[in-house]
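Protein chains in written order, with this note's numbering: chain A, 1 to 479; chain B, 1 to 451.
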Amino acid sequence: MRKDILLLIAGQFWKNVFKSKAIYLLMGIVVILLIYAAFSGMSYHDQNHFREDHQKMARESWEANPDKHPHRMAHFGTFAFRLKHPLSFFDFGIESFTGNAVFLEAHKQNMVNFSEASFSTSLLRFGELSMAMILSTILPLIIFFIGYRAIAAERENGTLKVLLTQGAKWNEILVGKSIGLWGIALLFTLPFFITTFIMLLIEGHTGTDEWMRLGLITTVYLTYTFIICLITISVSAASHSSKNALVILLGLWLLMIILLPRTSQALGAYFYETPTKLEFRAAIEEEVIQYGDSHDPNDPHFNHLRDSVLKVHNVNSVTELPFNYSGFVMSQGEKISTEIYNRHFNDLLDQYRRQNMLSRTLALINPYLAIKNLSMTLSGTDFETYVDFQKQAEDYRYNLAQTMNDLQMKYISAGVNSSEGKLNVVDRSEWKSFPDFKFNPITIGAALRYEFISIFSVILWLGISVLFLRYFSKNAKAI
Amino acid sequence: MYKYMFKQFLRTNTCKLGLFLVLILGVISISIGKQFLKGQERIGSHVTEKQLEHIQRNVELHSEDIGLLLYYLKFAVISEVSPLAALSIGQKDVNPSVQSVSILTLEGQKYDSDLVNPTKLLFGNLDLSFILLYVFPLLIIAFTFSLKSEEEETGTWRLVRIMSKSRLQFLLAKLSVRVILLLLAMCILFVLAGLILSIPFGMAFLAFFVTGLLYILFWFSLSFWIISLKRNSSFNALALLSIWLTLVVLLPATINNFVVTKYPVPEAFTTNIKQRDGYHQKWDTNKRETMEKFYARYPQFESYGYPPEEGFNWLWYYAMQYLGDEESSKESEMMRTKILQREQMSRKWGQFIPSIHTQLAFNDLANTSLSNHMYYLQYLNDFHEQTRLYFYPKIFSNVNGKEVDWSQFTPGYFSLSSKVNFRQIFLPLIILILIFFGLSLLNMRRESRVY
């Protein structure tokens, strides 16, 4: 391949495209969409202010508690508000469907509630307009539109033959056109990353992790557009007429981007059924009851526990123990029920992962899915990042409950059962010294652990599309 | 001639592939709907079955202490799931149709979400409404974009001009072949859905069907209008697909972003914190004050008097719990208002956009809309208050748990039977159909005058 010929062909393609007015119209539309998506992303991300404010409000109210029985504090509990990742303005991911606030108290793992979806009409189900959505969904269509005629039309009006007789080789024509098309695609793509870059800069508290994520997002999307360009040119070279090329490309778009993702996810969910909240809770409750009910004074398990504790300390009744017995019982109960809950919860998550597996695996035949998954993960708006939040919140809850139980064992006199009143209390300074919940999002390395298939798919498709182009540069016909 | 047109079209790959695709997807969507419905029925019968058992078990344990008993007891309220929900799942997968609530503070319980895989929600449900809203228009586009231009591009248009009496009639006949085939496919899917999901044939089902029918006719009229502009196939395909993209992806997404940005709901968080503080902080304050606030709302219980400041007391406990609701009621109301504003705003814009309009109409008919859930929450409020008021005197006078007639406590049942407003649902679609069809006829007429 000769470099100057390639550039000549690319430049010629570029010039041709800009001859028509349609390209300016398209650019105008994309710019408007970009601005709108950027504004939406910013205002979505601004919801963090509400969350930070409420986290503070909940904390102030926690710290304002007077001297109290620690078990009252265990029930007073606190909240965890989910903060959005700095890059969430780029790709909204599953954020609108995940809960945003969870009440953390002893004995009970509450639901993460108040998802955006629960406040929304079905309008949300049509999809959301984010920068990532425009790049992954709309941009391929635009590339198809600009490129479908690239080879087919030249063949139709005979200029292709002229080009070939003038000494250009097939592979030079195809690669040249691909470069030209990619150049135009970059014109559409780059503003998105410049915007994201600036927004991240304005954000302020951005670390290396975020910059690395942005770098990878950019790489991934540039590769994606390159793959799309190669496919467009290949299809254009392989089709009898430009109309055929267009129909094939539009069909591909519909299949890969609209129909396949939804169908595969729905089928995944169809084959792996998940329990409803009531069934889930009932299963856990059943198992916990089998262990014993710490609130039931005649429960065999806890009676046995009491007897063995009395024996170890060589005393006859719980009032003689060196610590508060009901605090001890509750810490045991909390430990058992949390273990059971976590096991069920992990099973549930695995079932969800199985549901997602079909569409994740299909990324191998559908680069769109690979990009979608990677983009969500890199923007911190994917399933695993959310799971991580839930786990951090649960760990904090457990820690809170057990800290209160420890305080109870340590400071409340041995035989006291009631948590009411001002008599059996712990100093309020303890509340302050228990730290507030703070969400630490997983690092990029940990996040990408789940994305091997997607990364592999992008590389695979880069290879496949190059092979396509090579194949057609050997087998294409001039007329 | 007409028969020949059918045969000719049926032989094309587009037709075979398209009809195959829509029927397969349709059947999948109905199976998914069936699974959804079965799941909902399962929860319904599960709670109905378990509730009495749950009550009995706790009565056995705590009948001596009815205050403690009611602390544990939960009462389910089931929101009716119409079989049509299987065709248009709407918001039913996000908003649970069963809540089990105790007579403690309600605000801390009623927004409890269901367990759902968020990734599944993101990709969306594959229900029949999706097939009707997304896939049918795509087939209409694929079947019609070269209705006339293919004749021109293959050179048969001249023959048509010579041989047929009226070119318009020829095109209309060709169009009607496609209309009939797609409506037939739609009818097959509806019959299948009716049989598999045992949907009772009533007004709602009929209205659902007609809405789908009108939506499809709208797309045909739109497509016909683009054809009547006399451009080439590529232009038609691009124009129609761009319109499709705008109507079912871009506009709804744009409006949704707008609604979310305009009406954020931080009140939900505030309500959540306030209901907790409203109750919990009463543990540390004067008992008499708490009781006074409670009696201000429920003076009928004032005769139970004021408990001593020292020691635990159920009367005081339930008064505290109630105050959790009362002290968060302002924020809760604001939250409700915000959500209803979102709903109104969506509807306001939706009536001009056939895709949104149709989806909202489907959800309304299937009782799966956001507003349906808001009515359910309202019902839950009333149910909760009634249950409280029933038990308060029993708790306050410490009746033995065995003396209560528990058999009446089967789950509460919420069902919304709203009248179908045919004009509101059908009129916007009919107007659009007439406009686009009229425009196409005008364009076609103009053409025949030129020749």
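Cβ coordinates follow ideal geometry from the N, Cα and C atoms, glycine included.
Taking the C-beta atoms as reference points, Ser242 (chain A) is found nearer than 8 Å to Tyr148 (chain A). Taking 7 Å as the Cβ-Cβ cut-off, the region 242-254 of chain A approaches chain B at Ser242, Lys243, Leu246, Val247, Leu250, Leu254, given in chain order. When only Cα atoms are considered, Ser122 (chain A) and Pro118 (chain B) end up about 15 Å apart. Lys120 (chain B) belongs to the set of residues whose beta carbon lies under 8 Å from a beta carbon in chain A. Per DSSP, reduced to three states, the secondary structure at Asn398 (chain B) is coil, with no helix or strand assignment. Inclusion of Lys74 (chain B) and Ser102 (chain B) in the CB contact set at 8 Å is warranted, their separation being smaller than that value. Taking the Cβ atoms as the reference, Leu200 (chain A) lies roughly 6 Å from Pro86 (chain A), within the contact range of under 8 Å. Contact annotation for Thr261 (chain B) against chain A: Ser40, Ser43 [CB-CB distance below 7 Å, chain order]. Of the other Cβ atoms in all chains shown, fewer than 16 fall within 10 Å of the Cβ of Gly311 (chain B); this residue is therefore exposed. In the DSSP annotation of this structure, the continuous segment of the alpha helix (DSSP H) that includes Leu245 (chain B) starts and ends at 233-245.
Residue environment: Cys187 (chain B) is assigned as exposed (fewer than 16 neighbouring CB atoms within 10 Å of its CB, all protein chains considered).
Following the DSSP letters along the chain, one finds Gly251 (chain A) inside the alpha helix (DSSP H) bounded by residues 242-253. For a cut-off of 8 Å, the C-beta gap from Leu126 (chain B) to Ala106 (chain A) is around 41 Å, too long to register as a contact. For the options B:Pro411, B:Phe6, B:Val420, the alpha carbon positioned closest to that of His46 (chain B) is the one of B:Pro411. Below 8 Å, too few C-beta pairs join the region 62-79 of chain A and the region 365-380 of chain A to call them touching: fewer than three.
Asp388 (chain A) and Thr254 (chain B) have their alpha carbons spaced roughly 30 Å apart.
Look at Gly421 (chain A) here: in three-state DSSP terms it is coil, with no helix or strand label. The bridge partners DSSP lists for Leu21 (chain B) come to none.
Contacts between His71 (chain A) and chain B, judged by CB atoms closer than 8 Å, are missing: the closest CB pair is about 11 Å apart. Assignment of Ala296 (chain B) by DSSP, reduced to helix, strand and coil, places it in the helix class. Within the region 132-195 of chain A, complete beta strand (DSSP E) segments of at least 3 residues are not found at all. Per DSSP, Tyr413 (chain B) lies in no alpha helix (DSSP H) segment; the continuous beta strand (DSSP E) that holds it begins and ends at 412-414. Comparing alpha-carbon positions, the option among A:Thr381, A:Leu8, A:Phe345, A:Leu469 lying closest to Gly167 (chain A) turns out to be A:Leu8. In the DSSP assignment, Thr78 (chain A) is bridged to A:Leu104. Against chain B, the CB of Arg397 (chain A) has no partner CB under 8 Å away; the residue lies outside that interface. For Val98 (chain B), the enclosing beta strand (DSSP E) covers residues 98-101. Just measuring C-alpha positions, the residue of A:Ile138, A:Glu128, A:Ala282 sitting nearest Glu49 (chain B) is A:Ala282. Taking C-beta separations shorter than 6 Å and ignoring five residues to either side along the sequence, the partners of Gly278 (chain B) in its chain run Leu323, Gly324, Glu327, Ser328, following chain order. DSSP places Ala253 (chain B) in the uninterrupted alpha helix (DSSP H) bounded by 251-262. With a 10 Å radius around the Cβ and a threshold of 16 neighbouring Cβ atoms, Leu442 (chain B) comes out exposed. Contact of Arg262 (chain A) with chain B is assigned, a C-beta pair being separated by under 8 Å. Asn113 (chain A) is bridged by DSSP to A:Ala101. Among the residues of chain B, none has a CB under 7 Å from the CB of Lys161 (chain A); the nearest is roughly 22 Å distant.
Under the rule that a run must span 4 or more residues, the alpha helix (DSSP H) segments found entirely inside the region 60-91 of chain B read 66-72. Judged by beta-carbon spacing, Met345 (chain B) lies beyond the 8 Å limit of Leu168 (chain B), meaning their Cβ atoms are not closer than that value. Taking a Cβ-Cβ cut-off of 9 Å, the neighbours of Met57 (chain A) in chain B comprise Phe269, Thr270, Ile273, given in sequence order.
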